[in-house]
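329 is the number that this note's numbering gives to position 150 of the sequence shown; each next residue is one higher, with no gaps.
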Amino acid sequence: MNSMQKYDLIIVGGGILGLSHAYHALLKKKKVLLLEKNSQAMGASIRNFGQIVPSGFSAIWQGYGRSSVKHYLDIASQADIAIRQEGSIYIASDDQEIQLLEELHQINQSNDYPSHLLTAEECISRYPNVTKQYCKAALFFPEEINADSQKTIPALTLFLIKNLGLDVDF
Ligand SMILES: Cc1cc2nc3c(=O)[nH]c(=O)nc-3n(C[C@H](O)[C@H](O)[C@H](O)COP(=O)(O)OP(=O)(O)OC[C@H]3O[C@@H](n4cnc5c(N)ncnc54)[C@H](O)[C@@H]3O)c2cc1C
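As structure tokens, then:
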């Protein structure tokens, strides 16, 4: 960090929210400094974060989630940030849950968000580790992604530094 440098934005905390705010400000050509109290980000984003699944949200939040997936994939096309687009799966274990998955499928179809209903056999053949007796049907969202957060957070930090000019003070 250059002590004479002036910044448009100073962000406290180098977890996924700090990095996301930095990314969007940098895209707008802002000069950004990120302050992280540890020698690398240490919080929830390293311990818990990982599923990037807009299907878990409704309406406006699903829109934000889908736009967020696009940003992750755009960055992943430029640098290895340990993101994988393997889709996500919801498994039903009884008739009531099957009905719920069918409703979720309908809602997402009307939102133009791809999802596929799977029979129990299709689900088990794709995911042999799923318990046969438990799985009665499933709903698969092919566009969803996951992050290996312990790798993604440092890799994303490095991407922002190298490619977009972020300054970080650990
Ligand atoms: C069990 C569990 C599972 C979850 N699974 C998911 C999931 O699958 N997908 C998902 O999207 N979300 C998930 N979440 C939520 C997600 O983990 C959090 O919303 C997200 O990580 C919060 O990010 P953050 O940047 O706000 O905080 P953090 O990741 O906690 O980052 C805060 C950073 O700020 C630093 N800091 C704190 N104070 C200061 C200071 N004074 N000066 C400088 N630095 C400071 C800390 O060292 C830390 O690195 C999950 C949460 C839990 C609890």
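By construction, the Cβ of each residue, glycine as well, lies at the ideal position given by its N, Cα and C atoms.
Are there 16 or more other CB atoms within 10 angstroms of the CB of residue i, so buried, or fewer, so exposed?
i: F319; result: buried
i: E300; result: exposed
i: N325; result: buried
i: E265; result: exposed
CA-CA distance, residue i and residue j?
i: I270; j: P233; result: 17 Å
i: K210; j: A258; result: 22 Å
i: R305; j: L296; result: 13 Å
i: A220; j: L339; result: 14 Å
i: N342; j: I239; result: 30 Å
i: E281; j: K249; result: 26 Å
i: K207; j: I254; result: 16 Å
With a threshold of 8 Å (Cβ to nearest heavy atom), would residue i be considered close to ligand 1?
i: V347; result: no
i: R226; result: yes
i: G242; result: no
i: Q230; result: yes
Short check: CB of residue i to CB of residue j, under 9 Å?
i: F228; j: I262; result: no
i: A316; j: I286; result: no
i: L198; j: S224; result: yes
CB-CB under 6 Å to residue i, same chain, minus the five flanking residues each way: which ones, in chain order?
i: D327; result: A261
i: L188; result: A204, K209 and V211
i: I332; result: A220, S224 and I225
Short of 8 Å in beta carbon distance, which residues of its chain neighbour residue i, apart from the five on each side in sequence? Order them along the chain.
i: S292; result: Sequence check: residue 292 is Tyr here, not Ser. Correct list, in chain order: P233, S234, Q241, R245, F320 and E322.
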